[in-house]
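For the sequence shown, the numbering used here assigns the number 1264 to the initial residue and increments by one for each residue that follows. Working notes for the structure below.
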Amino acid sequence: MNFYLYLLVMAGVTYLIRMLPFTLFRRPIRSAFFRSFLHYIPYAVLSAMTIPAIFHSTGSLPTALAGTAVAVVLAYLKQPLIVVALAASAAAFLAGLVI
């Protein structure tokens, strides 16, 4: 019984979170400040979720830093995403073998 109650509450909360912006903001947002604020929210949320995961994923800060450094350099050099991901993973793995 409790499982179904929790499931129902979670479904309701999820629905409300997705429905409220559509009902509260029916007209286009004209404020330049608010529009720019909303423009940067996805990047801020993604960073807030990703950065801690990067540094806690390996369990060792030096290996995480090695993988991150390789990823940043390859991304700066405009390498494809698969190359960046594989090279960063390999760098973290190899750093873990050395340390």
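For each residue, glycine too, the CB sits at the ideal point set by N, CA and C.
Here A1354 has A1329, G1330 and V1333 as same chain residues with Cβ atoms under 7 Å from its own Cβ, once five neighbours each way along the sequence are excluded. The shortest C-alpha to C-alpha distance from L1324 to any of P1343, F1356, I1304 and A1350 is the one to F1356. Straight across, the Cα-Cα distance linking T1313 with A1358 is about 21 Å. Taking all protein chains in view, the Cβ of A1307 is surrounded by fewer than 16 other Cβ atoms within 10 Å, so the residue is classified as exposed. The straight-line gap separating the alpha-carbon atoms of S1352 and K1341 is approximately 17 Å.
According to the DSSP assignment, G1359 belongs to the alpha helix (DSSP H) that extends over L1344 to V1361. In this structure, DSSP gives I1280 a helical state, which the three-state scheme calls helix. The three-state reading of DSSP puts I1304 in helix, counting H, G and I together. Scanning its chain for C-beta atoms nearer than 6 Å, with the 5 sequence neighbours on each side dropped, one finds around R1298 the residues I1292, in chain order.
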